[in-house]
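Engineer:
In the working numbering, the protein residues as written are 385 to 786.
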């Protein structure tokens, strides 16, 4: 097995050679993949750019003839992804390290995101100090800020690049066997937000006492995205999707969307699930001053200086309810939808700023309209009441045992 080192060898060749030498000096084999297209590469590649573009279903000559950098980057990303997936399937990949600016980061992380959780992944990038979610997604990718541009070996780049080599070697050499993803307890995925924490933590205790291991995902967009990916990978026996707030952000325009495929993996994959409507009373934004102008007339709650919550309207709740109903109704496995009539979050209950029974009714009616009655369980309790948490856990256990 080898570390696969990805880089555009026309612009990052000497830096890739430096990192490869560092990895070898630390005792691991390395294979260099050239993901460049236009310029002349130094001759150190173990996997040529011709092979990369062939894996993308095109050719280097065709890409060069087009002369479109964006098209070439997209093709290189697809080719690198396809190659690494094939090589990993043959047991040849111990880890992946890539170097780059915007193009190299796009190519490298595309390949990394296609690999399973637990495969060491390090991306040395000029973009690592900014918004990294488009590159990391829901995978365990380590982004290392290059500090200076990756353009030569100097007193700063030498340090950073050697740190990257040491990081990937350390991840591979010092991974205890007990940290492997295999477990003797079946896994359950659960979703939680600060405003649904009491419910999820109590349900987690009940499920773990029943012999399951519960992995809780923070419903902040990337959390839901990660969970959906792992469900699709077949990791979970069941899902306790209490907190579907990311759907509100996707439909209304908040900052914590998990994308349009949120709440689809379990339904498509035949995984039993219990779904509720936790925190669908809110859409998330950053500091109050960053809220888009079209929303300035709405009802807000400043959660903290960096998080502003906007109350969803009745019309928005109808959209959210219809989206939830459409997705769960296509499930190939047993499911239940739990509706807490007492409120859907810590700030949606009597005396709290988002309490709005009429808006909750709009949400619930939309779900009732498209989900069969025998798949809906309604409760007079608030979502964070112990009785509701007990009901959620018991319902999932009955599906898992059923």
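For every residue, glycine included, the Cβ atom is placed at its ideal position computed from N, Cα and C.
How would you call residue 795, buried or exposed, if buried means at least 16 neighbouring beta carbons within 10 angstroms?
Structural biologist: A query on residue 795 cannot be resolved here, the shown segment of the chain reaching from 385 to 786 and no further.
Engineer: Tell me which same chain residues have a C-beta within less than 8 Å of the C-beta of residue 398, skipping the five on either side of it?
Structural biologist: Looking up residue 398 in the chain shown gives position 14. Within the same chain, residue 398 has close Cβ partners 426, 536 and 537.
Engineer: With a threshold of 8 Å on Cβ separation, who are the neighbours of residue 424 within its own chain once the five nearest residues in sequence on each side are excluded?
Structural biologist: The residue given as residue 424 occupies position 40 in the chain shown. Excluding sequence neighbours, residue 424 sits near 394.
Engineer: Candidates 516, 467, 487 and 510: which alpha carbon is nearest residue 499's?
Structural biologist: In the chain shown, residue 499 corresponds to position 115, counting from 1. Taking only the C-alpha atoms, the option nearest residue 499 is 467.
Engineer: In its own chain, which residues sit with a C-beta less than 8 Å from the C-beta of residue 437, not counting the 5 before and 5 after it?
Structural biologist: Within the chain shown, numbered from 1, the residue matching residue 437 stands at position 53. So the qualifying residues of the chain are 421, 443, 444, 446, 447, 459, 460 and 463.
Engineer: Could you give the distance in angstroms between the alpha-carbon of residue 577 and the alpha-carbon of residue 435?
Structural biologist: For the purposes of this step, residue 577 is taken as the residue at position 193 of the chain shown. For the purposes of this step, residue 435 is taken as the residue at position 51 of the chain shown. Answer to the nearest angstrom: the Cα atoms are 45 Å apart.
Engineer: Hey, is the segment 668-687 in contact with the segment 638-646, meaning 3+ C-beta pairs nearer than 8 Å?
Structural biologist: The answer is yes - the segment 638-646 touches the segment 668-687, with three or more Cβ pairs under 8 Å.
Engineer: Rounded to a whole number of angstroms, what is the C-alpha to C-alpha distance between residue 491 and residue 517?
Structural biologist: Locating residue 491 in the chain shown gives position 107, where the first residue counts as 1. Locating residue 517 in the chain shown gives position 133, where the first residue counts as 1. Those two C-alpha atoms are separated by around 15 Å.
Engineer: Specify the secondary structure class of residue 760 as computed by DSSP and reduced to three states.
Structural biologist: For the purposes of this step, residue 760 is taken as the residue at position 376 of the chain shown. Judged by DSSP in its simplified three-state form, residue 760 adopts strand.
Engineer: Cβ of residue 628 within 7 Å of Cβ of residue 581?
Structural biologist: Counting from one through the chain shown, the residue named residue 628 turns up at place 244. Counting from one through the chain shown, the residue named residue 581 turns up at place 197. Contact: no.
Engineer: In its own chain, which residues sit with a C-beta less than 7 Å from the C-beta of residue 713, not counting the 5 before and 5 after it?
Structural biologist: By 1-based counting over the chain shown, the position of residue 713 is 329. Hits under 7 Å: 754 and 755.
Engineer: Identify, in the order they occur along the chain, each residue of the same chain with its Cβ nearer than 7 Å to the Cβ of residue 588, setting aside the five sequence neighbours on each side.
Structural biologist: Translated into positions along the chain shown, residue 588 becomes position 204. Excluding sequence neighbours, residue 588 sits near 574, 598 and 600.
Engineer: So is residue 474 buried or exposed if we call it buried at 16+ other beta carbons inside 10 Å?
Structural biologist: By one-based count along the chain shown, residue 474 stands at place 90. Looking at its Cβ environment, which holds fewer than 16 other Cβ atoms inside 10 Å, residue 474 is exposed.
Engineer: For residue 701 versus residue 672, is the C-beta distance shorter than 7 Å?
Structural biologist: What you label residue 701 is simply residue 317 of the chain shown in a count that begins at 1. What you label residue 672 is simply residue 288 of the chain shown in a count that begins at 1. Cβ distance not < 7 Å, so residue 701 and residue 672 don't count as in contact.
Engineer: How many Å lie between residue 604 and residue 552 at the Cα?
Structural biologist: By 1-based counting over the chain shown, the position of residue 604 is 220. By 1-based counting over the chain shown, the position of residue 552 is 168. The straight-line gap separating the alpha-carbon atoms of residue 604 and residue 552 is approximately 28 Å.
Engineer: Residues in the same chain with beta-carbon distance under 6 Å from residue 783, minus the five sequence neighbours each way, listed in chain order, please.
Structural biologist: Position 399 of the chain shown, counted from the start, is the residue given in the question as residue 783. Cβ contact annotation for residue 783 (same chain, cutoff 6 Å, sequence separation greater than five): 656 and 718, in chain order.
Engineer: Candidates 385, 602, 560 and 541: which alpha carbon is nearest residue 478's?
Structural biologist: Position 94 of the chain shown, counted from the start, is the residue given in the question as residue 478. Of 385, 602, 560 and 541, the residue nearest in Cα terms is 385.
Engineer: For residue 533, which residues in the same chain have their Cβ closer than 8 Å to its Cβ, ignoring the five residues on either side in sequence?
Structural biologist: In the chain shown, residue 533 corresponds to position 149, counting from 1. Excluding its 5 nearest sequence neighbours in each direction, residue 533 has C-beta neighbours in its own chain below 8 Å: 485 and 510, listed in chain order.
Engineer: By the three-class DSSP mapping on this structure, what secondary structure does residue 582 have?
Structural biologist: Locating residue 582 in the chain shown gives position 198, counting from the first residue. Note: residue 582 maps to helix in three-state DSSP.
Engineer: Measure the C-alpha to C-alpha separation of residue 391 and residue 412 and round it to an integer number of angstroms.
Structural biologist: Here residue 391 corresponds to residue number 7 of the chain shown, with the count starting at 1. Here residue 412 corresponds to residue number 28 of the chain shown, with the count starting at 1. Approximately 18 Å, taken between the alpha carbons.
Engineer: Specify whether the segment 716-733 and the segment 766-776 touch according to this definition: at least 3 beta carbon pairs, one from each stretch, less than 8 Å apart.
Structural biologist: Result yes; three or more Cβ-Cβ pairs closer than 8 Å.
Engineer: Out of 704, 402 and 415, state which residue places its alpha-carbon closest to the alpha-carbon of residue 751.
Structural biologist: Taking the chain shown and counting its residues from 1, the one referred to as residue 751 is at position 367. Minimum Cα distance to residue 751 is reached at 704.
Engineer: Determine the direct distance from the alpha carbon of residue 507 to that of residue 493, and round the result to whole angstroms.
Structural biologist: Stepping through the chain shown from its first residue, residue 493 is reached at position 109. Stepping through the chain shown from its first residue, residue 507 is reached at position 123. Rounded to the nearest angstrom, the two C-alpha atoms are 7 Å apart.
Engineer: Would you say residue 584 touches the ligand SAM, meaning its beta carbon is less than 6 Å from a heavy atom?
Structural biologist: Although the ligand SAM was asked about, the structure shown includes no ligands whatsoever.
Engineer: Quick check on DSSP: helix, strand or coil for residue 697?
Structural biologist: The count along the chain shown starts at 1 and reaches residue 697 at position 313. Coil at residue 697, not helix or strand.
Engineer: State the beta-bridge partners of residue 416 as determined by DSSP.
Structural biologist: To locate residue 416, count along the chain shown from 1; it is residue 32. DSSP, once it has assigned bridges, lists 389 as partnering residue 416.
Engineer: What is the rounded straight-line gap between the Cα of residue 428 and the Cα of residue 649?
Structural biologist: Locating residue 428 in the chain shown gives position 44, counting from the first residue. Locating residue 649 in the chain shown gives position 265, counting from the first residue. Approximately 41 Å between the Cα atoms of the pair.
Engineer: Which class does residue 653 belong to by DSSP, given the choice of helix, strand or coil?
Structural biologist: The count along the chain shown starts at 1 and reaches residue 653 at position 269. Helix at residue 653.
Engineer: Just the Cα atoms here: how many angstroms apart are residue 596 and residue 550?
Structural biologist: If you number the chain shown from 1, residue 596 lands on position 212. If you number the chain shown from 1, residue 550 lands on position 166. Rounded to the nearest angstrom, the two C-alpha atoms are 36 Å apart.
Engineer: Look at the alpha carbon of residue 539 and the alpha carbon of residue 724, and state the distance between them as a whole number of angstroms.
Structural biologist: Looking up residue 539 in the chain shown gives position 155. Looking up residue 724 in the chain shown gives position 340. Those two C-alpha atoms are separated by around 59 Å.
Engineer: Only counting the same chain, and skipping five residues up and downstream in sequence, which positions put a Cβ closer than 6 Å to that of residue 773?
Structural biologist: Here residue 773 refers to the residue found at position 389 of the chain shown. The residues are 583, 586 and 587.
Engineer: Tell me the residue span of the beta strand (DSSP E) that contains residue 716.
Structural biologist: In the chain shown, the residue the question calls residue 716 occupies position 332. Taken as a continuous stretch (DSSP letters only), residue 716 belongs to no beta strand (DSSP E), as it is neither H nor E.
Engineer: Using the three-state DSSP reduction, which class does residue 478 fall into: helix, strand or coil?
Structural biologist: One-based indexing of the chain shown puts residue 478 at position 94. Taken through DSSP and simplified to helix, strand or coil, residue 478 comes out as strand.
Engineer: Residues bridged to residue 601 by DSSP?
Structural biologist: Looking up residue 601 in the chain shown gives position 217. Its beta-bridge partners are 575.
Engineer: Note down the Cα distance separating residue 481 from residue 615, rounded to an integer number of angstroms.
Structural biologist: For the purposes of this step, residue 481 is taken as residue 97 along the chain shown, with counting starting at 1. For the purposes of this step, residue 615 is taken as residue 231 along the chain shown, with counting starting at 1. Residue 481 and residue 615: Cα-Cα distance of roughly 26 Å.
Engineer: Cα separation between residue 622 and residue 776?
Structural biologist: Walking along the chain shown from the start, residue 622 turns up at place 238. Walking along the chain shown from the start, residue 776 turns up at place 392. Cα to Cα, the separation comes out at about 12 Å.
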